[in-house]
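Inspection log for the structure reproduced underneath, given as structure tokens.
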Amino acid sequence: MRWLKFIVVCLLLFPLSGCWDRGEITQFAFPVVLGLDEGEDGLLEITMQIANARGVAPKMEASSGTEPSEIITISAPDLLSAREMANISVTKDIRYSHVKNIVISENLARSREFPSIMEATLRDRQFRRDINVVISREKASDFIRNNNPQLEERPHKFFAFMLERWEQTGLMPEATLNQYFKEIDGKDGLFLSIYATSTIKEPEVKEDEDYIAGEVDLSGGNPTQMIGSAVFKDGRMVGVMSGEETRHSLLLRPYAKVNTIQTNFKDPNDPAKAITVRMLKNESPKVNINMEKEKGTISVVIPVIIQVLHIPGETNYTENIQHQATLKKSIEQQLKNESKSLIRKSQRIFKAEPFLWSSIARGNFWTWTEYEKFDWSDYFSNSKVNIKYDVTIDRYGKYLYSEREKRL
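In UniProt numbering, the protein residues as written are 1 to 408.
Next comes the structure, spelled out in structure tokens:
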């Protein structure tokens, strides 16, 4: 009897072994970019940019002659239904597990139905929470089709490299599905998404990087522009921030990853010219919150290090200590003015803050219920915010004298 039981157990192991749902890579189709637009009769227009494994494989790229991706658009009630309906045209089994980016049209992002549309990404295990969220000024399908990177043939590589630049420029935020749903659950902050366009051209001449996508005077190359932020409150898009405003929102955040920013400031001794600098944020801002609602005060000190790269004027900042003090004070004041302007905009227009200060305020409460009763958004909107930049200039470039002084 024991031997019989042993044999039965051994036989049961055979159907349990192996991967019965296995599949070859050639049997699947992997969209790397999804686009969402408003459709007719309550439907969505869903665009998929599907990577062609043969078209992007290094060993096959030169000889295959195939396109690196295929773009299709289909009308469906939601993202999950679109995956099944797309198989009327796509012969392979479509999997969302390699989606890296979701492009959403601004019209859809501003609609009341948008939060419920995005919930579909929570209900399917193929969607990863680190998917990047991009808001396009035009239809998402137009953005995806008009995006034509000249240096990258693989569609996912363009977005990967482009979005890595935010850590160096600060002109657009880090925006993932996880952060989007985190802000919805918190109900007390703003979510900043990447703002982009590939068709709208409204070139303007502005100071610094005070542009949004489509306003930069750019000719040649890829028509796509990614600069600025789409602002979300309660899951819906409610406004836009420029590239410069996005930078300051990241500077004011206690946990932002942006460490190096190259920008320029007006020369205090020659306002018609601008001094180019590299700005380093090696320390998190020091945020002090007075939790008394009647006397709400938020004090923020932001330490930054400045490295001067270019001085077009004739002022000798390298050796003149008095000029150095003037430059330091001027940079601190210019940074303060920009940050104060963004804070006023957040208080008056958005009635909430994108600086993640709420995460610090929560530490003053024992329970989540107490924190919700406090109403952080209302407190922020009516508080006095004190901003101070602590600037340290640690270098003034390689040259001691200007070319004009050398000639003299």
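Ideal placement from N, C-alpha and C gives every residue a C-beta, glycine not left out. Bear in mind that the values here come from a model prediction, so they are computed numbers and not experimental data.
Legend entry - Inter-stretch contact at 8 Å, needing at least 3 Cβ pairs: the region 70 to 80 / the region 40 to 52: Yes, the region 70 to 80 touches the region 40 to 52.
Inset, instruction - Measure the C-alpha to C-alpha separation of glutamate 295 and isoleucine 289 and round it to an integer number of angstroms. - result: As a first step, residue 295 is located in the sequence shown; it is residue number 295 there, counting from the start. As a first step, residue 289 is located in the sequence shown; it is residue number 289 there, counting from the start. According to the sequence displayed, residue 295 carries lysine and not glutamate. Taking the straight line from one Cα to the other gives about 11 Å.
Legend entry - Separation of asparagine 259 from leucine 408, as counted between CA atoms: What you label residue 408 is simply residue 408 of the sequence shown in a count that begins at 1. What you label residue 259 is simply residue 259 of the sequence shown in a count that begins at 1. Confidence is the limiting factor: at leucine 408 the pLDDT is only 46, short of 50, which leaves the residue's position unreliable, though a coordinate-based value still follows. About 40 Å.
Inset, instruction - Grab me the residues of isoleucine 343's own chain with a C-beta within less than 6 Å of its C-beta, minus the 5 sequence neighbours each way, in chain order. - result: Residue mapping note: residue 343 aligns to position 343 of the sequence shown, counting from 1. The residues are Val385.
Legend entry - Reduced DSSP category for tyrosine 371 - H, G, I as helix; E, B as strand; rest coil: Counting from one through the sequence shown, the residue named residue 371 turns up at place 371. Note: tyrosine 371 maps to helix in three-state DSSP.
Inset, instruction - Could you check how far apart the C-beta atoms of proline 268 and leucine 327 are, in whole angstroms? I think they sit under 8 Å. - result: For the purposes of this step, residue 268 is identified with residue 268 of the sequence shown, where counting begins at 1. For the purposes of this step, residue 327 is identified with residue 327 of the sequence shown, where counting begins at 1. Indeed they touch by this definition, with Cβ atoms about 6 Å apart.
Inset, instruction - Please state whether DSSP places isoleucine 311 in a helix, a strand or coil. - result: Your numbering for residue 311 matches position 311 in the sequence shown. Coil, per DSSP.
Inset, instruction - Return the CA-CA distance between methionine 279 and glutamate 332, expressed in angstroms with no decimal places. - result: Residue numbering aside, residue 279 sits at position 279 when the sequence shown is read from its first letter. Residue numbering aside, residue 332 sits at position 332 when the sequence shown is read from its first letter. One C-alpha to the other measures close to 12 Å.
Inset, instruction - Please specify which runs of the beta strand (DSSP E), each continuous and at least 3 residues long, are wholly inside the region 125 to 154, giving them in chain order. - result: 132 to 136
Legend entry - the region 112 to 128 / the region 232 to 239 touching (three or more Cβ pairs under 8 Å): yes
Legend entry - Buried or exposed by the 16-neighbour rule on C-beta atoms within 10 Å, applied to serine 97: On the sequence shown, residue 97 is found 97 positions in, with the first residue counted as 1. Classification for serine 97: exposed.
Inset, instruction - Look at phenylalanine 355 and arginine 253 and say whether their C-beta atoms are less than 8 Å apart. - result: The residue given as residue 355 occupies position 355 in the sequence shown. The residue given as residue 253 occupies position 253 in the sequence shown. Their beta carbons are under 8 Å apart, which means phenylalanine 355 touches arginine 253 by this criterion.
Inset, instruction - Can you have a look at histidine 310 and say buried or exposed, based on whether 16 or more other CB atoms are within 10 angstroms of its CB? - result: Position 310 of the sequence shown, counted from the start, is the residue given in the question as residue 310. By the neighbour-count rule (16 or more Cβ atoms within 10 Å), histidine 310 is not buried but exposed.
Legend entry - Endpoints, the beta strand (DSSP E) within which glutamine 27 is located: Translated into positions along the sequence shown, residue 27 becomes position 27. Element bounds for glutamine 27: n/a, residue is neither H nor E.
Inset, instruction - State the Cα-Cα distance for the pair alanine 62 and alanine 86, rounded to the nearest angstrom. - result: What you label residue 62 is simply residue 62 of the sequence shown in a count that begins at 1. What you label residue 86 is simply residue 86 of the sequence shown in a count that begins at 1. With a pLDDT of only 44 at alanine 62, under the threshold of 50, the placement of this residue in the model should not be trusted; the figure read from the coordinates follows. Using only the alpha carbons, I get a separation of about 29 Å.
Inset, instruction - Whole angstroms is fine: what's the gap from isoleucine 88's alpha carbon to tyrosine 389's? - result: In the sequence shown, residue 88 corresponds to position 88, counting from 1. In the sequence shown, residue 389 corresponds to position 389, counting from 1. Their Cα atoms are separated by approximately 59 Å.
Legend entry - Residues that tyrosine 195 bridges to, as DSSP identifies them: In the sequence shown, residue 195 corresponds to position 195, counting from 1. Answer is Ile135.
Legend entry - Whether residue 411 touches phenylalanine 161 by CB criterion (8 Å): What the structure shows of the chain is the stretch from 1 to 408, and residue 411 is not part of that stretch, so it cannot be assessed.
Inset, instruction - Name the residue from Leu4, His323, Lys100 whose alpha carbon lies nearest to the alpha carbon of isoleucine 50. - result: As a first step, residue 50 must be located in the sequence shown, where it is residue number 50. Selected option, being the one with the closest Cα: Lys100.
Inset, instruction - Please classify arginine 95: does DSSP put it in a helix, a strand, or coil? - result: To locate residue 95, count along the sequence shown from 1; it is residue 95. Arginine 95 falls in the coil class under three-state DSSP.
Inset, instruction - Specify, as a first and last residue, the run of the alpha helix (DSSP H) that alanine 361 falls within. - result: Residue 361 sits at position 361 when you count from the first residue of the sequence shown. Segment 358 to 361, the alpha helix (DSSP H) holding alanine 361.
Inset, instruction - Rounded to whole angstroms, what's the CA-CA distance from leucine 36 to isoleucine 117? Just pull it up for me. - result: Here residue 36 is taken as the residue at index 36 of the sequence shown, counted from 1. Here residue 117 is taken as the residue at index 117 of the sequence shown, counted from 1. Answer to the nearest angstrom: the Cα atoms are 10 Å apart.
Legend entry - 8 Å CB neighbourhood of serine 81 in its chain, flanking five on each side removed: Against the sequence shown, residue 81 aligns to sequence position 81. Within the same chain, no residue comes within 8 Å of serine 81 by CB-CB distance, once the 5 residues on both sides are set aside.
Legend entry - Residues near glycine 170 in its chain [Cβ-Cβ closer than 6 Å; skip 5 each side]: Taking the first residue of the sequence shown as position 1, residue 170 is located at position 170. Around glycine 170: Arg247, Leu250, Val258, Ile261.
Inset, instruction - Could you please give the first and the last residue of the uninterrupted beta strand (DSSP E) stretch that includes glycine 228? - result: Position 228 of the sequence shown holds residue 228. From DSSP, the beta strand (DSSP E) with glycine 228 extends over 225 to 233.
Inset, instruction - Under 8 Å by Cβ, that's how I've got serine 242 and methionine 172 pegged, so tell me the actual separation to the nearest angstrom. - result: Position 242 of the sequence shown, counting from 1, holds the residue named residue 242. Position 172 of the sequence shown, counting from 1, holds the residue named residue 172. About 11 Å; that fails the 8 Å criterion.
Inset, instruction - Please report how far the alpha carbon of proline 68 lies from the alpha carbon of alanine 140, in whole angstroms. - result: Translated into positions along the sequence shown, residue 68 becomes position 68. Translated into positions along the sequence shown, residue 140 becomes position 140. Proline 68 and alanine 140: Cα-Cα distance of roughly 20 Å.
Legend entry - Whole-angstrom distance between histidine 323 and methionine 226, CA atom to CA atom: Here residue 226 refers to the residue found at position 226 when the sequence shown is read from its first residue. Here residue 323 refers to the residue found at position 323 when the sequence shown is read from its first residue. Distance between the alpha carbons of methionine 226 and histidine 323: 37 Å.
Inset, instruction - Compute the Euclidean distance between the alpha carbons of tyrosine 317 and valine 301, then round it to the nearest angstrom. - result: By one-based count along the sequence shown, residue 317 stands at place 317. By one-based count along the sequence shown, residue 301 stands at place 301. Near 26 Å, if we compare the C-alpha coordinates of valine 301 and tyrosine 317.
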